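Undergrad: Numbering (our numbering), first residue to last: 81 to 1029.
Have a look at this one.
Structural data, given as structure tokens:
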């Protein structure tokens, strides 16, 4: 069975199961014409296409287009070892070569031939490099170019196409058949005139010195240098039905045949079709104009509308939507059928029938999501959203339970019984003697689950749900869980619970790549260091599966890896080959179905992949990387087209804003190519890996710089370093000549400054003398001023002292005046009382003395001018005060002026009352009126106010 599947041999990497990864490029991406007629590759790995609009270059990141002078389509191209790209169009041929800026510049070779030979050249359909010559072949002639000279070989009648097979050059002539060119002559091949009515588009070497001829409409023929015979094979049937436009050969083991109507086929040297790719299988167009095998044995197709890349050099092939399957959760081989559980139901494909063109078929009765497909006791069980299903003869023969199920596990010590995990818990089934039956729902656990992470040992059922681990003990009658315990961690050192798995029929618990087992006797988890050590240099995993061959498959960060178990029991890590699957694995449902080392099926979000572990890892190669372009203001250099010794540039300082673009001609899994770079000496460390293929630097200082670049492919392999060196010249003001000028200017400046300093010192001495004289005069003036101020101060002190004395005298005078007033008052009182005495009653002598006394007293009172003198003195002393007060308050009365003066003299109320001859209350009333006239409030001090005037 399996021998049949691989009876064609796979030593050349071509697989007959599944499809290789296909990537289409539309004309909107490569910005060219629709048709692509020829393909070639240079030493750097760049791919070139002869396109209707010109020459298309693709470096893995950027598409570039170069046109012929007459803008005609290019029909043929060939690249020689020097890097020249020879092209041919309509009455035009020549070559493209990179100029000093890396741009491909076209050089026409028409000038090397005579004008008469130019007129009937027409289209150049084929270009060959043969024995040091470049051969341009049209329908009318072949032009041989060497050492800048061209020799012409005219067609005997009319050429069709030309070919190189086993280092021999052949032409097809429409009348003479196939001609071999040797020793500068054409020699007809025996028996080939039978092909005159057939257009030969390709010739391929076959074993036993035979040649395979691919014609446009008549099919495939074999020529043994004597006779031409039809190649009666499957490939011939296909070509007859779909016509052929040539093809290519892979390692002289597999033949690529292009068709007009139905895509491309790859057959072996016996004509057995191994692969067939068409529009239904992922191509964007069914008309294949040309095919090319690149330096990694991958295939490029030039289509009638677009370009296609086929990743043939890979151990992986795929089953996608074209095979009628979606997201795959599990697969199994049973009774010569491959069954696949998907989100759209359960599907199958006959194992004995080639997978080339037939899609998978749906198992009848399965239209709901199928989570798992398993063979237990020779019974095929499907766990689906519709329930637990038994599959027989590719249809549902029995529904064991209608609840949704995730999967089944056999119960140790009860080989005929299985436990099924459903949406609400667990159930028991009996699977034996081709009889399957539902037994019971297990009581004691009814929580909802959403994954199938269940393992059983001889004592417990273990379930990982979310971040918890459940340990449940099943009763002997299998009807309930007698005990249930929940764990949040299995190790005090390594927190959390990563995954639950069975390895070598033992249940393991993993956290952070440390694997533990459970001891029932000690009721404790203990680490199995032997298993843990296998994962020392592996990223932290989240799922582990052991396949039927003992290999350990693990997932991490949406990627996959495997520890392959060898015959001696040791494990070999394989991780890089699976990097192409990163991001396409089904999280929490890692599915690996190992039938044998040649047939391993892995479930993906968009289908199923087939992996052949026996194919050598020759497809994993060190990538190449190029700084594709180097731009600065005003110019761009295509450095990817230049040789290493040409990558040295001088930039003016105005060009210190530079930009680099990166490319790596890695066409398989191109989106996972990452770059790291550093600009020395601007940066000392490499930048982090990134898929961004452009970098700019601004405002760089003058100096010598080296841009270093490296790439890492999807397998984690790092390329060699590519570099571009450039020098930024300093601005004129930092040029070395400018520094010399600066030095001369500094010297001149020092000289001028020195002289100016000396002059200034002399001036300073003169000014210092003048300043000293000025300071002396100022000091002398200040002394005089201070002396004058001191004298004024003395005068002021004298004045103040005199004023104090005057005030004291005023006080004394007032007191004396008051005594006089009191005396006069007493005398007035005496006079008043004397008046009351009747003098008539007195004798004359007494009366005379009485009158004398009265007159003397009256005279004393009338002649006393001390009060008037006091008033006059007070007004003279306080004249300025009274003047200021009167000016400030014009309405003030003389009586109020007197009161103000008395208050200023700090006289008491009683003294004022006596002087003004009023009562104490009258004084207070007068004070009130004075305050009001002066506009003072109650809180302001009247005497203080008067003193401030």
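Positions of the beta carbon are idealized from the N, C-alpha and C atoms, including for glycine.
No experiment lies behind these values; they were computed from the predicted model shown.
(1) Closer than 7 Å by C-beta to residue 1014: which residues in its own chain qualify, once you throw out the five before and the five after it? Chain order, please.
(2) According to DSSP, is residue 502 helix, strand or coil?
(3) Candidates 791, 587, 339, 294: which alpha carbon is nearest residue 608's?
(4) Could you tell me the boundaries of the beta strand (DSSP E) in which residue 146 lies?
(5) Report the rounded CA-to-CA distance for residue 844 versus residue 737, giving the unit in angstroms.
(6) With DSSP as the reference, please indicate the residues paired to residue 462 in a beta bridge.
(7) Looking only at C-alpha atoms, which of 190, 381, 320, 446 sits nearest to residue 299?
(8) Taking just the CA atoms, how far does residue 672 sit from residue 465?
(9) Mind checking who residue 836 pairs with in its DSSP beta bridge?
(10) In the DSSP assignment, what residue or residues form a beta bridge with residue 563?
(11) Should the segment 694 to 708 be regarded as contacting the segment 407 to 419, the criterion being three or more beta carbon pairs within less than 8 Å?
(12) For residue 356, is the classification buried or exposed, using 16 other Cβ atoms within 10 angstroms of its Cβ as the cut-off for buried?
(13) What does the alpha-carbon distance come out to for the pair residue 311 and residue 325?
(14) Can the beta-carbon of residue 77 be found less than 7 Å from the beta-carbon of residue 958?
(15) Leaving out five residues on either side along the sequence, give the residues of the same chain with a beta carbon under 6 Å from the beta carbon of residue 771.
(16) Residues bridged to residue 371 by DSSP?
(17) With 7 Å set as the bound, which would you pick, yes or no: does the beta-carbon of residue 668 sit closer than that to a beta-carbon of chain B?
(18) If the criterion is Cβ atoms closer than 7 Å, does the pair residue 342 and residue 358 meet it?
(19) Strictly by DSSP, which residues pair up with residue 422?
(20) If we ignore side chains and look at the alpha-carbon of each, how far apart do residue 805 and residue 778 end up?
(21) Quick check on residue 839: buried or exposed, where buried means 16 or more other Cβ atoms within 10 Å of its Cβ?
(22) To the nearest angstrom, how far is the alpha carbon of residue 297 from that of residue 316?
(23) Tell me which residue opens and which closes the alpha helix (DSSP H) that residue 492 is part of.
(24) Measuring alpha carbon to alpha carbon, tell me which of 404, 884, 995 ends up nearest residue 899.
(25) Which residue from 128, 598, 520 puts its Cα closest to that of residue 536?
(26) Threshold first: 3 residues or longer. Then list the beta strand (DSSP E) segments lying entirely within the segment 624 to 691, N to C.
(27) Could you give the residue range of the alpha helix (DSSP H) that holds residue 754?
(28) Pick helix, strand or coil for residue 999, following the three-state DSSP scheme.
(29) From residue 554 to residue 314, what does the alpha carbon distance come to, in whole angstroms?
(30) Does the segment 552 to 570 touch the segment 610 to 624, meaning 3 or more C-beta pairs lie closer than 8 Å?
(31) Quick check on residue 268: does DSSP put it in helix, strand or coil?
(32) Tell me the residue span of the alpha helix (DSSP H) that contains residue 155.
(33) Which of the three DSSP states, helix, strand or coil, is assigned to residue 602?
(34) When we look at the beta-carbon of residue 482 and count the other beta-carbons within 10 Å, is it buried (16 or more) or exposed?
(35) Where does the unbroken alpha helix (DSSP H) through residue 980 begin, and where does it stop?
(36) Applying the criterion that 16 or more other CB atoms from any shown protein chain within 10 Å of the CB defines a buried residue, is residue 97 buried or exposed?
TA: Per the coordinate set shown:
(1) As a first step, residue 1014 is located in the chain shown; it is residue number 934 there, counting from the start. Once the five neighbours on either side are set aside, the close Cβ partners of residue 1014 are 969, 1025.
(2) If you number the chain shown from 1, residue 502 lands on position 422. Note: residue 502 maps to strand in three-state DSSP.
(3) Counting from 1 along the chain shown, the entry for residue 608 is found at position 528. Residue 608 has its Cα closest to that of 587, out of 791, 587, 339, 294.
(4) In the chain shown, counting from the first residue as 1, residue 146 sits at position 66. Residue range 143 to 146 is occupied by the beta strand (DSSP E) that includes residue 146.
(5) Residue numbering aside, residue 844 sits at position 764 when the chain shown is read from its first letter. Residue numbering aside, residue 737 sits at position 657 when the chain shown is read from its first letter. Whole-angstrom Cα-Cα distance: 53 Å.
(6) In the chain shown, residue 462 corresponds to position 382, counting from 1. Residue 462 is bridged to 453, 469.
(7) In the chain shown, residue 299 corresponds to position 219, counting from 1. Among 190, 381, 320, 446, the Cα nearest to that of residue 299 belongs to 320.
(8) Start at 1 with the first residue of the chain shown, and residue 465 comes out as number 385. Start at 1 with the first residue of the chain shown, and residue 672 comes out as number 592. Near 21 Å, if we compare the C-alpha coordinates of residue 672 and residue 465.
(9) Counted from its first residue, the chain shown places residue 836 at position 756. Partner(s): none; residue 836 has no beta bridge.
(10) Counting from one through the chain shown, the residue named residue 563 turns up at place 483. BP columns for residue 563 point to 553.
(11) Segments in contact, no.
(12) What you label residue 356 is simply residue 276 of the chain shown in a count that begins at 1. Residue environment: residue 356 is assigned as buried (16 or more neighbouring CB atoms within 10 Å of its CB, all protein chains considered).
(13) Position 231 of the chain shown, counting from 1, holds the residue named residue 311. Position 245 of the chain shown, counting from 1, holds the residue named residue 325. Distance between the alpha carbons of residue 311 and residue 325: 17 Å.
(14) Because the chain in this structure spans residues 81 to 1029, residue 77 falls outside the shown range and cannot be described.
(15) Translated into positions along the chain shown, residue 771 becomes position 691. Correct list, in chain order: 754.
(16) Counting from 1 along the chain shown, the entry for residue 371 is found at position 291. According to DSSP, residue pairing for residue 371 in a beta bridge involves 381.
(17) In summary, chain B is missing from the structure at hand, where a single protein chain is found.
(18) Start at 1 with the first residue of the chain shown, and residue 342 comes out as number 262. Start at 1 with the first residue of the chain shown, and residue 358 comes out as number 278. For residue 342 and residue 358, yes; Cβs fall inside 7 Å.
(19) Numbered from its first residue, the chain shown carries residue 422 at position 342. Its beta-bridge partners are 408, 425.
(20) For the purposes of this step, residue 805 is taken as the residue at position 725 of the chain shown. For the purposes of this step, residue 778 is taken as the residue at position 698 of the chain shown. For residue 805 and residue 778, the distance between alpha carbons rounds to 16 Å.
(21) For this step, residue 839 is matched to residue 759 along the chain shown. With a 10 Å radius around the Cβ and a threshold of 16 neighbouring Cβ atoms, residue 839 comes out exposed.
(22) The sequence position of residue 297 within the chain shown is 217, counting from 1. The sequence position of residue 316 within the chain shown is 236, counting from 1. Between residue 297 and residue 316, the C-alpha separation is close to 11 Å.
(23) In the chain shown, residue 492 corresponds to position 412, counting from 1. It is not in any alpha helix (DSSP H) - residue 492 carries neither H nor E in the DSSP assignment.
(24) The count along the chain shown starts at 1 and reaches residue 899 at position 819. Answer by Cα proximity: 995.
(25) Within the chain shown, the letter at position 456 stands for residue 536. Of the listed residues, the one whose Cα sits closest to residue 536 is 598.
(26) Correct list: 632 to 636, 639 to 645, 651 to 654, 672 to 676, 679 to 684, 687 to 691.
(27) What you label residue 754 is simply residue 674 of the chain shown in a count that begins at 1. Annotation: residue 754 is outside any alpha helix (DSSP H); the continuous beta strand (DSSP E) that includes it extends over 754 to 760.
(28) Sequence index remark: in the chain shown, residue 999 carries index 919 (1-based). Here residue 999 sits in coil by DSSP.
(29) Along the chain shown, read from residue 1 onward, the residue named residue 554 stands at position 474. Along the chain shown, read from residue 1 onward, the residue named residue 314 stands at position 234. Computed Cα separation, rounded: 59 Å.
(30) Short answer: they don't touch.
(31) Residue mapping note: residue 268 aligns to position 188 of the chain shown, counting from 1. DSSP places residue 268 within a strand segment (E or B) once states are collapsed to three.
(32) On the chain shown, residue 155 is found 75 positions in, with the first residue counted as 1. Looking at the DSSP string, residue 155 is not in any alpha helix (DSSP H); the run it does join, the beta strand (DSSP E), is 154 to 159.
(33) As a working mapping, residue 602 is identified with position 522 in the chain shown. The answer is coil: DSSP assigns residue 602 none of H, G, I, E or B.
(34) If you number the chain shown from 1, residue 482 lands on position 402. Looking at its Cβ environment, which holds fewer than 16 other Cβ atoms inside 10 Å, residue 482 is exposed.
(35) As a working mapping, residue 980 is identified with position 900 in the chain shown. Boundaries of the alpha helix (DSSP H) harbouring residue 980: 974 to 984, taken from the DSSP string.
(36) Along the chain shown, one-based indexing puts residue 97 at 17. Residue 97 is classed as buried because its beta carbon has at least 16 other beta carbons within 10 Å across all chains shown.
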